[in-house]
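Q:
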Amino acid sequence: MKKIYEKAAHAVLFASSTVSIITVLLIILFLFREGLGLFGQKPIEDGQVLLVNKSNPVNKLTSDELKNIFDQEYTNWKTVGGSNDSILLFRIDDIFNYYTEEELAGVDTNMQLLNEKVSELVGKQTGMVAFIPEKQLVLNDKVKTIEVEPVTVSGFFGGELWFPTSQPAAQFGILPLLSGTLWVSLLAIFIALPFGLATAVYMAEIARPSVRNMLKPVVELLSGIPSVVYGFFGLIVIVPLVQQLFSLPVGETGLAGSIVLAIMALPTIITVAEDSIRNTPRSMKEASLALGATHWQTIYRVIIPYASSGITAAVILGIGRAIGETMAVLMVTGNAAIIPHTILQPMRTIPATIAAELGEAAKGGMHYKALFALGCILFLITLLVNITVEFISGGKRIKR
Amino acid sequence: MKKTIILMAAFLIAAAGHIQAQKIKGSDTVLPLAQKEAEAFMKKNKGSRITVTGGGSGVGISALIENTTDIAMASRKMKLSEKMKVGESGKTSVETVIAYDALAVIVNPTNAVSQLTREQLEGIFTGKIKNWKEVGGENMPIVVYGRESSSGTYDFFKEHVLNNKNYAPSVMSMPATGAIVQSVSQTKGAIGYVGLAYVEKNVKAIKVSFDKGKKYVAPSVATAKDKSYPIVRPLFFYYVTGSAKMVKPFVDFILSAEGQRIVELEGFITLK
Chain E
2 MKKIYEKAAH
12 AVLFASSTVS
22 IITVLLIILF
32 LFREGLGLFG
42 QKPIEDGQVL
52 LVNKSNPVNK
62 LTSDELKNIF
72 DQEYTNWKTV
82 GGSNDSILLF
92 RIDDIFNYYT
102 EEELAGVDTN
112 MQLLNEKVSE
122 LVGKQTGMVA
132 FIPEKQLVLN
142 DKVKTIEVEP
152 VTVSGFFGGE
162 LWFPTSQPAA
172 QFGILPLLSG
182 TLWVSLLAIF
192 IALPFGLATA
202 VYMAEIARPS
212 VRNMLKPVVE
222 LLSGIPSVVY
232 GFFGLIVIVP
242 LVQQLFSLPV
252 GETGLAGSIV
262 LAIMALPTII
272 TVAEDSIRNT
282 PRSMKEASLA
292 LGATHWQTIY
302 RVIIPYASSG
312 ITAAVILGIG
322 RAIGETMAVL
332 MVTGNAAIIP
342 HTILQPMRTI
352 PATIAAELGE
362 AAKGGMHYKA
372 LFALGCILFL
382 ITLLVNITVE
392 FISGGKRIKR
Chain A
504 MKKTIILMAA
514 FLIAAAGHIQ
524 AQKIKGSDTV
534 LPLAQKEAEA
544 FMKKNKGSRI
554 TVTGGGSGVG
564 ISALIENTTD
574 IAMASRKMKL
584 SEKMKVGESG
594 KTSVETVIAY
604 DALAVIVNPT
614 NAVSQLTREQ
624 LEGIFTGKIK
634 NWKEVGGENM
644 PIVVYGRESS
654 SGTYDFFKEH
664 VLNNKNYAPS
674 VMSMPATGAI
684 VQSVSQTKGA
694 IGYVGLAYVE
704 KNVKAIKVSF
714 DKGKKYVAPS
724 VATAKDKSYP
734 IVRPLFFYYV
744 TGSAKMVKPF
754 VDFILSAEGQ
764 RIVELEGFIT
774 LK
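Quick note, the sequences are listed as chains E and A, same order.
If you count by my numbering, then the first sequence holds residues 2 to 401, one letter each, in order.
If you count by my numbering, then the second sequence holds residues 504 to 775, one letter each, in order.
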């Protein structure tokens, strides 16, 4: 009977660990499958085409050139390698500027007719570029469509513009998002680590039991507060504070985000680090004290080295929370997708971008895939951090 | 113990089957209005249940396509690509205008500037104009707040005020309209756009001119109604023909005189 229980327990443990590992692997697989689908696709909205006059020598445009053309930054075809002719933009609503109501009679009910008119118009105007639906495109011998260059890996990682819903061509450059994430989370951990460690040492070694018994639940309470509350606190209190302190035009900055994140990462760091410090064997502490070391010397020469692997675990968990945190950051960093030069600028982080945009991104579309690719990058960053910390703490253990 | 759980589960399932639940999702601009309408509707029709959630126009329409909501609220028209997605799943969407909303451009109350032309607004939001002194204010940098790209307000403002140009990358995108009001109220050089219903005492709505500075009009329900204020947009409900029978009573209620009175109370502009 006992043996059966034993076997059953083993089987249950084995099954549950297998299930959890497979789940993790499947999630990662799903993430990368969706994310990698982005590359090689044309960044133009599904079912839309760009139409130009046949005499136009331009056949292909990058999404960057397209954005500048439709933002009226480029006004001459010469800029994008065409002939010396000014660029005339055409969107479907502009049709009434060229044709009277009578000429267009019935186009509401007949898309075919509308598209014939558009093709006719583009055939007449040499400098026109029309952005129209592909569905009932009527090609005549005076017009042609323009190709848009697909999204490349280098364009994705090196691009400086993030305009995922821009029409006609979306821009997927993640450099601003990536740098924003790194700035905010690294500074957060630099703020949180000294405070967290100091509190952990104080609570484990210095504080009287009555103080500790009061402090510990308070710290743990901090981690129970929903992140939206932190975000709101940040927006109302920290943002104006940062603005006044540095006399900035705007308070929603990377620094405000880092401070909020640091506060949020504190309970994790304190709890985990304190537990590992308290796990230092009494014999080691007493040996150190018996050799004549002071309490402080014991703390930083014996206890902290002994607890280092637990402290690194605290750091990993803290960084994990900082990099992945969404809501609080979304509310206080300003979310402007620019490449920051100082921490006192608005920033947009990867998790905030995913949280803000995934809801509207149509399933399977370019934007959706781009957000999954961002998720992959977030995953790789966390993996890298974990491996590095693991490597460092592993090296220390061998030395000892 | 087990029996009670089973009994309770059975009871819950039976109860859920009886009550007609409708889900409404989408634009944060329409959200407060839809909530008030739903409350009034539920009070009148005992036994009907309506849940209203926000998220942005894009989110609502996305949910309609994926069949996770019955009505999508939107502060912009459905995009062509979204229409095609609805069509792909073999359904047709129905569009109903339920009210109008004026979009106010707000600045900090301490700002000396109180009127801007469309061209100046375009310059500010596309990043060409960076300092308030370029538009007749004091020498301080302009801090531009906007909404996330999932917001219908974001799209509407881009189409009608920015002449379809892209926002500058330095425009800060806020997750909610309330956050824009909060930020503009505490930042001296700030400018942002919000629905008229969100304008409060701690921000200043500026007059705008769409005829190159000949006539400046302040946003209000009255100016929006007589069409002298230029930035007015329709607010939509979208649903698919398949669920028309279920959602029609609620849509009709909003269009009724009683429903339109709530529209007015909430600071929106009625259909007539």
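In this text, a Cβ means the ideal position worked out from N, Cα and C, and glycines have one as well.
Any beta carbon of chain A sitting closer than 8 Å to that of Lys68/E?
A: Answer yes: the Cβ-Cβ gap between Lys68/E and chain A drops below 8 Å somewhere.
Q: Taking CB distances under 8 Å as the criterion, tell me whether Asn548/A reaches chain E.
A: no
Q: Measuring CB to CB, does Pro341/E end up less than 8 Å from Glu253/E?
A: no
Q: Report yes or no: is there a C-beta of chain A within less than 8 Å of the C-beta of Glu253/E?
A: yes
Q: Should Gly376/E be flagged as near chain A, meaning a C-beta pair shorter than 8 Å?
A: Judged by the 8 Å Cβ criterion, Gly376/E is not in contact with chain A.
Q: Suppose only complete runs of 4+ residues qualify. What are the alpha helix (DSSP H) ranges in the region 199–267 of chain E, listed by chain order?
A: 210–223, 228–234 and 240–246
Q: Mind listing which residues of the region 596–614 of chain A have their C-beta closer than 8 Å to chain E's C-betas, in chain order?
A: none
Q: So who's on the other strand from Arg552/A, going by DSSP bridges?
A: Ala524/A
Q: If I follow the unbroken alpha helix (DSSP H) through Arg621/A, where does it start and stop?
A: Residues Arg621 to Phe628.
Q: Going by the CB atoms, is the gap between Gly48/E and Phe373/E shorter than 8 Å?
A: no
Q: Drop a sphere of 10 angstroms on the beta-carbon of Ala566/A, count the other beta-carbons inside from all chains shown, and report buried for 16 or more, exposed for fewer.
A: buried
Q: So is Leu162/E in contact with chain A if we call contact Cβ pairs under 8 Å?
A: yes
Q: From the beta carbon of Arg401/E, is the nearest beta carbon of chain A less than 8 Å away?
A: Unreliable placement is indicated for Arg401/E, whose pLDDT of 45 sits below 50; the coordinate value is still reported in the next sentence. No, because no Cβ of chain A sits closer than 8 Å to the Cβ of Arg401/E.
Q: I'd like to know whether the C-beta of Asn336/E is nearer than 8 Å to at least one C-beta of chain A.
A: yes
Q: Under 7 Å Cβ to Cβ from Arg92/E, same chain only, skipping five residues before and after it: list those, please.
A: Phe132
Q: Should the region 701–714 of chain A be regarded as contacting the region 633–641 of chain A, the criterion being three or more beta carbon pairs within less than 8 Å?
A: No, the region 701–714 of chain A does not touch the region 633–641 of chain A.
Q: Could you give the DSSP three-state label for Tyr732/A: helix, strand or coil?
A: coil
Q: Rounded to whole angstroms, what is the Cα-Cα separation between Lys526/A and Ser688/A?
A: Going from the Cα of Lys526/A to the Cα of Ser688/A covers about 34 Å.
Q: Strictly below 8 Å CB to CB, what residues from chain E border Ala682/A?
A: Leu236 and Met332
Q: CB-CB under 7 Å to Val333/E, same chain, minus the five flanking residues each way: which ones, in chain order?
A: Cβ within range, chain order: Gly232, Gly235, Leu236, Ile239, Val240, Glu253, Ala257, Gly258 and Val261.
Q: Within the same chain, show all residues whose beta-carbon is closer than 6 Å to that of Thr182/E, passing over the 5 residues directly before and after it, in chain order.
A: Thr350 and Ile351
Q: Please look up how many angstroms separate the CB atoms of Val50/E and Leu138/E, rounded, as I've assumed it's under 8 Å.
A: Correct: roughly 6 Å between the Cβ atoms.
Q: Please tell me whether Ala519/A has its Cβ less than 8 Å away from any Cβ of chain E.
A: Reliability fails at Ala519/A, whose pLDDT of 48 lies under 50, so the model's placement of it is uncertain and the value that follows must be treated cautiously. No, no contact with chain E.
Q: Please state if the CB of Leu384/E and the CB of Phe324/E are separated by a distance shorter than 8 Å.
A: Sequence check: residue 324/E is Ile here, not Phe. No; because the gap between Cβ atoms is not below 8 Å, this pair is not in contact.
Q: Can you tell which of Val610/A, Ala602/A, Gly695/A and Gly639/A has its C-alpha closest to the C-alpha of Ser760/A?
A: Note on identity: in this sequence residue 760/A is Ala, with Ser being the wrong assignment. When each option's Cα is compared against that of Ala760/A, the closest is Ala602/A.
Q: So Thr19/E is in the alpha helix (DSSP H); what residue range does that whole segment cover?
A: It spans Lys3 to Leu37 - the alpha helix (DSSP H) in which Thr19/E sits, taken as one unbroken run.
Q: Given a cut-off of 8 Å, decide if Glu569/A and Ile765/A are closer than it, judged by their beta-carbon atoms.
A: No, they are not a contact pair.
Q: Under 8 Å, with one C-beta from each stretch per pair, do the region 115–134 of chain E and the region 56–76 of chain E reach the 3-pair mark?
A: yes
Q: Pick out the complete beta strand (DSSP E) segments inside the region 102–179 of chain E, 3 residues or longer, and give them in chain order.
A: 129–134 and 144–146
Q: Report the rounded CA-to-CA distance for Ile190/E versus Leu292/E, giving the unit in angstroms.
A: 36 Å
Q: Can you name the residues of chain E whose CB is closer than 8 Å to the CB of Glu651/A?
A: Asn336, Ala357 and Glu358
Q: Taking C-alpha atoms, which residue in Leu30/E, Ser180/E, Glu46/E and Lys8/E lies nearest to Cys377/E?
A: Leu30/E
Q: Buried or exposed, going by whether 16 or more other CB atoms sit within 10 Å of the CB of His296/E?
A: exposed
Q: What is the rounded straight-line gap between the Cα of Arg650/A and the Cα of Lys547/A?
A: When rounded, the distance between both Cα atoms is 35 Å.
Q: State whether the region 591–609 of chain A contacts the region 709–728 of chain A, with contact taken as three or more CB pairs (one from each stretch) at a distance under 8 Å.
A: yes
Q: List the residues of chain E whose Cβ lies closer than 7 Å to the Cβ of Val720/A, in chain order.
A: In chain order: nothing, as chain E lies at least about 24 Å away.
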